[in-house]
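Single-structure report; data block below.
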Amino acid sequence: MPVTTINYRNKDIVLVDYTQCKTKEEMIDTIRLTAQVFKATPGKILTLSDFTGTFGSKEFMDESKKLSVEIFRAKTEKAAVIGITGVKKVLLKSFNAFSINKIPFETKEEALEYLVAE
2 MPVTTINYRN
12 KDIVLVDYTQ
22 CKTKEEMIDT
32 IRLTAQVFKA
42 TPGKILTLSD
52 FTGTFGSKEF
62 MDESKKLSVE
72 IFRAKTEKAA
82 VIGITGVKKV
92 LLKSFNAFSI
102 NKIPFETKEE
112 ALEYLVAE
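So, in structure tokens, the structure goes:
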């Protein structure tokens, strides 16, 4: 499952794993599935997205922007990302300009610690 809920230090975190996505369609399907999970989850959400080994596309960014305005912005308490290198850093900066602020981290452990910190 590309979208799962994990428990870390007694806090639930929605983990969005893009690492197995090989096409822009799979990336878009994953973000749409994430939106469904967000809609079904009560309250604010902690989220960690893993983009290790993936690529960006205009279509994915467009869908991300749309869903951010419709769902993610209102439902996200804190958001962290890992696997952001090269051109993906530019895309993240663009995404953060209109959306919730996704903070990039080098490791999953650093990202999880950020999410659960008060």
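Take 2 as the starting number for the sequence shown in our numbering and just add one per residue. Quick reminder that beta carbons are idealized off the backbone N, C-alpha and C, glycines included. None of these values were measured; they are calculated from a predicted model.
- Beta bridge pairing from DSSP links residue 6 with 15.
- The C-beta distance from residue 42 to residue 3 rounds to 16 Å, too long to meet the 8 Å contact threshold.
- Every beta strand (DSSP E) of 3 residues or more that sits fully in the segment 25–70 is shown, in chain order, as 46–51.
- Of all alpha-carbon atoms in 85, 50 and 24, the one lying nearest the alpha-carbon of residue 59 is that of 24.
- Here DSSP, grouped into helix, strand and coil, assigns residue 78 to strand.
- Closest in C-alpha terms to residue 83, from the list 49, 39, 62 and 115, comes 49.
- Counting only the Cα atoms, residue 67 lies some 10 Å from residue 61.
- Per DSSP, reduced to three states, the secondary structure at residue 109 is helical.
- Looking at the backbone, the Cα of residue 74 and that of residue 57 are separated by about 20 Å.
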